[in-house]
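Participant: Take this structure first; my questions come after.
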Amino acid sequence: MTKILSYSSLLILLSGSIPGWSQEILTGIEVNQSVRESYRQQPVLKSTTTGILELPFFDDFSMSAVYPDNEKWSDRFAFINNDYPVNPVSIGVATLDAIDHTGSLYEHATTWPFLADRLTTRPIDLEYPASDSIYLSFFYQPQGKGDKPQPSDSLRLEFYSPENELWRVVWSVPGDSLHDFRLVMIPVTETGYLMEGFRFRFSNIASIADNRHNPGSMGNADHWHIDYVYLNKGRSYTDTVFRDVAFTESPGSFLNNYEAMPWDQFHAGRLAEMGSVVPFVYRNNDNITRSVQRHFSIDNVYETRTVHNFSGVTVTIEPGELHSYNSDLAYSFNTGNPDSALFRIKTWLVTDDFDFKGNDTVVYYQDFNNYFALDDGTAENGYGLFGGGTENAKLAYRFRAYKADSLRAIKVYFNQSLNDASMQYFNLAVWDDNNGRPGNIVYIQEGERPVYEEELNRFHTYYLDSAVFVNQVFYVGIIQTTSEYLNIGFDVNRNNRNRIFYNIYGEWLNSSLEGSLMIRPVSGSSLTTSLQNVIPDRKRELKVYPNPATDVLYIDLGGDAGTGKITHKLFNRMGQLVFQDTGNINRIDISSFPPGIYILQTESGSVEFETKKILITK
40 MTKILSYSSL
50 LILLSGSIPG
60 WSQEILTGIE
70 VNQSVRESYR
80 QQPVLKSTTT
90 GILELPFFDD
100 FSMSAVYPDN
110 EKWSDRFAFI
120 NNDYPVNPVS
130 IGVATLDAID
140 HTGSLYEHAT
150 TWPFLADRLT
160 TRPIDLEYPA
170 SDSIYLSFFY
180 QPQGKGDKPQ
190 PSDSLRLEFY
200 SPENELWRVV
210 WSVPGDSLHD
220 FRLVMIPVTE
230 TGYLMEGFRF
240 RFSNIASIAD
250 NRHNPGSMGN
260 ADHWHIDYVY
270 LNKGRSYTDT
280 VFRDVAFTES
290 PGSFLNNYEA
300 MPWDQFHAGR
310 LAEMGSVVPF
320 VYRNNDNITR
330 SVQRHFSIDN
340 VYETRTVHNF
350 SGVTVTIEPG
360 ELHSYNSDLA
370 YSFNTGNPDS
380 ALFRIKTWLV
390 TDDFDFKGND
400 TVVYYQDFNN
410 YFALDDGTAE
420 NGYGLFGGGT
430 ENAKLAYRFR
440 AYKADSLRAI
450 KVYFNQSLND
460 ASMQYFNLAV
470 WDDNNGRPGN
480 IVYIQEGERP
490 VYEEELNRFH
500 TYYLDSAVFV
510 NQVFYVGIIQ
520 TTSEYLNIGF
530 DVNRNNRNRI
540 FYNIYGEWLN
550 SSLEGSLMIR
560 PVSGSSLTTS
570 LQNVIPDRKR
580 ELKVYPNPAT
590 DVLYIDLGGD
600 AGTGKITHKL
610 FNRMGQLVFQ
620 DTGNINRIDI
630 SSFPPGIYIL
640 QTESGSVEFE
650 TKKILITK
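Heads up, the sequence shown is in the numbering used here, so the first residue is 40 and it goes up one at a time.
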């Protein structure tokens with residue numbers, strides 16, 4: 040539910056002249072944009088599975104994205120992600136909350152408990168004798184990095200009896216605060232379940248916070264995370280050991296400060312920015328010491344070549360150990376491309392043959408383009424300043440340029456909300472530095488409004504009327520003109536609170552909230568202020584639609600494609616080339632590709648095209 044944090048209630052009590060009550064506020068999102076985009080492309084659930092599933096049934100949610108694997112699950116209310124859990128059993132969980140399969144809050148959502156998400160299996164053949172000892176196990180966690188379910192909320196497990204066509208609750212737990220993932224073991228012994236057509240489902244009872252005095256009206260609430268669902272025969276209550284070594288987190292940036300940054304800025308600040316370790320985390324879910332080999336490779340995506348390989352020595356990991364992979368990185372990104380670069384860093388574990396392999400590989404894309412990014416591109420919350428006195432409040436975000444440069448634009452991610460703020464005006468601003476806090480305003484652009492983008496890249500670009508010279512530390516942000524809550528995207532997986540400052544009462548204060556604002560300054564190589572040079576130099580634009588896509592991907596090269604042959608390459612989330620074709624094609628059949636995130640690279644002998652991130656759904 041909505042979380043409200045005031046920087047100092049004592050200051051309010053002591054300052055009788057302060058007009059009203061104001062604070063920085065963090066709210067749950069009201070629209071899950073990833074889910075909404077997937078739904079727009081596929082409003083009807085599709086599946087190639089028509090028969091009955093056989094044992095064993097297993098899903099750790101590492102092989103699907105956004106929606107559950109529709110070969111195993113019959114609905115898509117759960118959100119498959121790795122943004123919200125804390126130390127899951129393996130990478131990827133199914134999150135149940137108060138947002139439906141279209142990406143919006145449930146229409147029947149109220150402050151009273153209501154039935155929200157469901158996660159339902161397809162029919163399973165369970166026609167076995169009770170002596171075969173069938174057990175269902177799973178791990179669950181309340182809250183995670185999301186919202187804490189209240190005691191009146193709950194997570195439930197239901198079994199379906201084909202005999203009488205009824206669902207029955209067989210397990211439930213009330214709302215609770217964050218704790219480690221807990222294992223649940225449920226025997227399946229009743230004859231009404233031991234037949235063909237058995238199903239089980241998870242569901243959650245949620246309630247929305249009463250936000251009548253807070254912005255946003257209502258926000259997503261009551262998060263539950265489910266992992267490592269396993270149904271099989273020949274088990275027992277003590278069968279709690281899972282012989283699997285698995286990655287548990289998505290990898291982060293290899294840079295010391297930024298998730299992404301301009302290529303020329305990286306060149307200037309290479310010594311300060313280049314990380315020295317490989318940051319990956321994996322867990323031994325077994326009850327014995329295991330040996331694993333760790334490997335990684337770095338591919339230059341634009342040049343289509345592997346630029347670095349590394350194979351670590353075999354190491355041991357103790358039972359239940361969560362291990363951070365911080366191997367030395369003897370490589371510094373380099374390319375012949377003068378203005379941008381994209382590197383795909385893939386790491387994988389070599390484990391025993393009996394290990395599940397779906398969670399043994401993770402990939403990260405290190406992007407060097409024309410903007411600075413401190414966030415990972417996904418908003419788990421919304422941030423804003425709200426209350427009396429905030430009609431002139433200032434919000435500033437600190438960045439560092441390693442060489443003299445010019446800002447050409449500012450990208451901002453605004454969350455969509457029921458209380459539409461798109462008619463509320465604000466001013467863009469740039470400040471210089473004053474001993475670690477915003478100093479003088481060096482640029483202001485008035486009369487801007489929040490814009491909600493619908494594309495996979497949900498940042499709106501505000502082009503500056505004139506280029507702004509910056510050198511070393513600078514701040515970008517907004518100056519409010521009303522006290523309305525603007526709901527800027529807030530990433531809780533990257534903590535940059537020491538860079539966030541706000542000014543309501545005439546003094547710059549450091550934020551008390553751990554996370555990153557989704558604000559990105561865009562730089563350019565020229566210091567000219569002419570309007571025709573406002574848009575930074577970039578590769579030829581490539582239009583790809585629909586995105587997300589289900590069956591066919593269309594490609595528009597946009598005008599003259601040059602004189603060379605056109606080659607399209609599609610890479611999956613593990614960095615593997617899954618499609619390549621050369622010729623004047625403008626469509627790719629993706630109907631056979633599993634759901635997930637892909638990278639499309641288009642090449643020509645005489646023209647460089649943008650690299651596109653594609654989401655494939657089913």
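Each residue gets a CB set at the ideal place from its N, CA and C atoms; glycine is no exception.
Given the structure is predicted, the values throughout are model-derived calculations rather than measurements.
1) Looking at the unbroken beta strand (DSSP E) that takes in residue 235, where does it start and where does it end?
2) Whole angstroms is fine: what's the gap from residue 452's alpha carbon to residue 527's?
3) Can you tell me where the alpha helix (DSSP H) holding residue 305 begins and where it ends?
4) Where do the ends of the beta strand (DSSP E) carrying residue 22 lie?
5) Count the other CB atoms, across all protein chains shown, that sit within 10 Å of the CB of residue 106; report buried if there are 16 or more and exposed otherwise.
6) Using the beta-carbon count (16 or more within 10 Å), is residue 522 buried or exposed?
7) Under the rule that 16 or more other beta-carbon atoms within 10 Å means buried, what is residue 311, buried or exposed?
8) What is the rounded straight-line gap between the Cα of residue 177 and the Cα of residue 162?
9) Can you find the residues in the same chain that come closer than 8 Å, C-beta to C-beta, to residue 353, ignoring five residues on each side of it along the sequence?
10) Any chance the segment 227 to 237 sits against the segment 162 to 175, with 3 or more Cβ pairs inside 8 Å?
11) Roughly how many angstroms separate the alpha carbons of residue 653 and residue 155, rounded to a whole number?
12) Excluding the five sequence neighbours on either side, which residues of its own chain have a C-beta within less than 7 Å of the C-beta of residue 476, listed in chain order?
13) In the DSSP assignment, the beta strand (DSSP E) including residue 563 goes from what residue to what residue?
14) What do you reckon, are the CB atoms on residue 245 and residue 278 nearer than 8 Å?
15) Per DSSP, what kind of secondary structure is residue 573 in: helix, strand or coil?
16) Is it the case that the segment 405 to 422 contacts the segment 553 to 565, given that we only count it when at least three CB pairs across the two stretches are under 8 Å?
17) Tell me which same chain residues have a C-beta within less than 7 Å of the C-beta of residue 117, skipping the five on either side of it?
18) Pick out the complete beta strand (DSSP E) segments inside the segment 446 to 483, 3 residues or longer, and give them in chain order.
19) Which first and last residues belong to the beta strand (DSSP E) in which residue 426 is found?
20) Taking 8 Å as the threshold (C-beta atoms), are residue 465 and residue 429 in contact?
21) Can the beta-carbon of residue 319 be found less than 8 Å from the beta-carbon of residue 286?
22) Identify the residues that DSSP records as bridge partners of residue 213: which are they?
23) Count the other CB atoms within 10 Å of the CB of residue 348; is the residue buried (16 or more) or exposed (fewer)?
24) With DSSP run on the structure shown, which of helix, strand or coil describes residue 255?
25) Report the option in 604, 307, 233, 624 whose CA atom is closest to the CA atom of residue 444.
26) With a 10 Å radius around its C-beta and 16 neighbouring C-beta atoms as the bar for buried, classify residue 641 as buried or exposed.
27) Using a Cβ-Cβ distance under 8 Å, would residue 341 count as near chain C?
28) Kindly indicate which residue of 96, 298, 180 has the alpha-carbon position closest to the one of residue 131.
29) Cα-Cα, which of 338, 182, 596 is closest to residue 709?
30) Is the separation between the beta-carbon of residue 552 and that of residue 65 shorter than 8 Å?
31) Between which residues of its own chain and residue 498 is the CB-CB distance below 8 Å, once the five residues before and five after are set aside?
32) Check this for me: beta carbons of residue 624 and residue 607, under 8 Å apart or not?
33) Count the CB pairs spanning the segment 70 to 77 and the segment 137 to 155 that are closer than 8 Å, and state whether there are at least three.
34) Which residue's Cα is closest to the Cα of residue 407: 115, 649, 509?
35) Taking C-beta to C-beta, are residue 361 and residue 126 nearer than 8 Å?
36) For residue 343, which residues of its own chain have a beta-carbon under 8 Å away from its beta-carbon, when the five flanking residues on both sides are left out?
Facilitator: With the given structure in hand:
1) In the sequence shown, counting from the first residue as 1, residue 235 sits at position 196. 235 to 245 is the extent of the beta strand (DSSP E) around residue 235.
2) Residue numbering aside, residue 452 sits at position 413 when the sequence shown is read from its first letter. Residue numbering aside, residue 527 sits at position 488 when the sequence shown is read from its first letter. Their backbone Cα atoms lie some 6 Å apart in a straight line.
3) Taking the first residue of the sequence shown as position 1, residue 305 is located at position 266. First-last of the alpha helix (DSSP H) with residue 305: 302 to 307.
4) An answer regarding residue 22 cannot be provided, because it is not within the stretch 40 to 657 covered by the chain.
5) Position 67 of the sequence shown, counted from the first residue, corresponds to residue 106. Buried: at least 16 other Cβ atoms inside 10 Å.
6) Translated into positions along the sequence shown, residue 522 becomes position 483. Flag for residue 522 reads buried.
7) Here the question's residue 311 lines up with position 272 in the sequence shown. Burial call: exposed.
8) Counting from one through the sequence shown, the residue named residue 177 turns up at place 138. Counting from one through the sequence shown, the residue named residue 162 turns up at place 123. Using only the alpha carbons, I get a separation of about 18 Å.
9) Locating residue 353 in the sequence shown gives position 314, counting from the first residue. Counting only Cβ-Cβ distances below 8 Å, and skipping sequence neighbours, we find 330, 331, 332.
10) Output reads yes: the segment 162 to 175 touches the segment 227 to 237.
11) Mapped onto the sequence shown, residue 653 falls at position 614. Mapped onto the sequence shown, residue 155 falls at position 116. For residue 653 and residue 155, the distance between alpha carbons rounds to 29 Å.
12) To locate residue 476, count along the sequence shown from 1; it is residue 437. If we look at residue 476 and ignore the five residues flanking it on each side, its Cβ neighbours are 540, 547.
13) Here residue 563 corresponds to residue number 524 of the sequence shown, with the count starting at 1. Taken as a continuous stretch (DSSP letters only), the beta strand (DSSP E) holding residue 563 covers 558 to 563.
14) As a first step, residue 245 must be located in the sequence shown, where it is residue number 206. As a first step, residue 278 must be located in the sequence shown, where it is residue number 239. Not in contact: residue 245 and residue 278 (Cβ atoms no closer than 8 Å).
15) Within the sequence shown, residue 573 is the residue found at index 534, counting from 1. Note that residue 573 scores 31 on pLDDT, short of 50, meaning its location in the model is unreliable; the coordinates nonetheless yield the value given after this. Here residue 573 sits in coil by DSSP.
16) yes
17) As a first step, residue 117 must be located in the sequence shown, where it is residue number 78. The beta carbon of residue 117 sits closer than 7 Å to those of 107, 133, 134, 135, 156, 158, all from its chain and outside the five residues before and after it, given in chain order.
18) 465 to 473
19) As a working note, residue 426 is residue 387 in the sequence shown. From DSSP, the beta strand (DSSP E) with residue 426 extends over 420 to 426.
20) Taking the sequence shown and counting its residues from 1, the one referred to as residue 429 is at position 390. Taking the sequence shown and counting its residues from 1, the one referred to as residue 465 is at position 426. No. Outside cutoff.
21) Working through the sequence shown from its first residue, we reach residue 319 at position 280. Working through the sequence shown from its first residue, we reach residue 286 at position 247. Yes.
22) Here residue 213 refers to the residue found at position 174 when the sequence shown is read from its first residue. In the DSSP output, where bridge partners are listed per residue, residue 213 has 193.
23) Translated into the one-based positions of the sequence shown, residue 348 becomes position 309. Its Cβ having fewer than 16 others within 10 Å, residue 348 is exposed.
24) Working through the sequence shown from its first residue, we reach residue 255 at position 216. Reliability fails at residue 255, whose pLDDT of 49 lies under 50, so the model's placement of it is uncertain and the value that follows must be treated cautiously. If DSSP states are grouped into helix, strand and coil, residue 255 belongs with coil.
25) As a working mapping, residue 444 is identified with position 405 in the sequence shown. Answer by Cα proximity: 307.
26) Numbered from 1 along the sequence shown, position 602 holds the residue referred to as residue 641. Note on residue 641: 16 or more other CB atoms within 10 angstroms of its CB, so buried under the neighbour-count rule.
27) As a matter of chain content, chain C is missing from the structure shown, which is built from one protein chain.
28) Mapped onto the sequence shown, residue 131 falls at position 92. With distances taken between Cα atoms, residue 131 lies closest to 180.
29) Since the first and last residues shown for the chain are 40 and 657, residue 709 lies out of range.
30) Your numbering for residue 552 matches position 513 in the sequence shown. Your numbering for residue 65 matches position 26 in the sequence shown. For residue 552 and residue 65, yes; Cβs fall inside 8 Å.
31) Looking up residue 498 in the sequence shown gives position 459. Answer for residue 498: 450, 451, 452, 492, 557, 559, listed in chain order.
32) For the purposes of this step, residue 624 is identified with residue 585 of the sequence shown, where counting begins at 1. For the purposes of this step, residue 607 is identified with residue 568 of the sequence shown, where counting begins at 1. Yes. Within cutoff.
33) yes
34) Reading the sequence shown from its first residue, position 368 is the one you call residue 407. In terms of CA proximity to residue 407, 649 leads the group 115, 649, 509.
35) Position 322 of the sequence shown, counted from the start, is the residue given in the question as residue 361. Position 87 of the sequence shown, counted from the start, is the residue given in the question as residue 126. A distance below 8 Å separates the beta carbons of residue 361 and residue 126.
36) As a first step, residue 343 must be located in the sequence shown, where it is residue number 304. Hits under 8 Å: 608, 640, 642.
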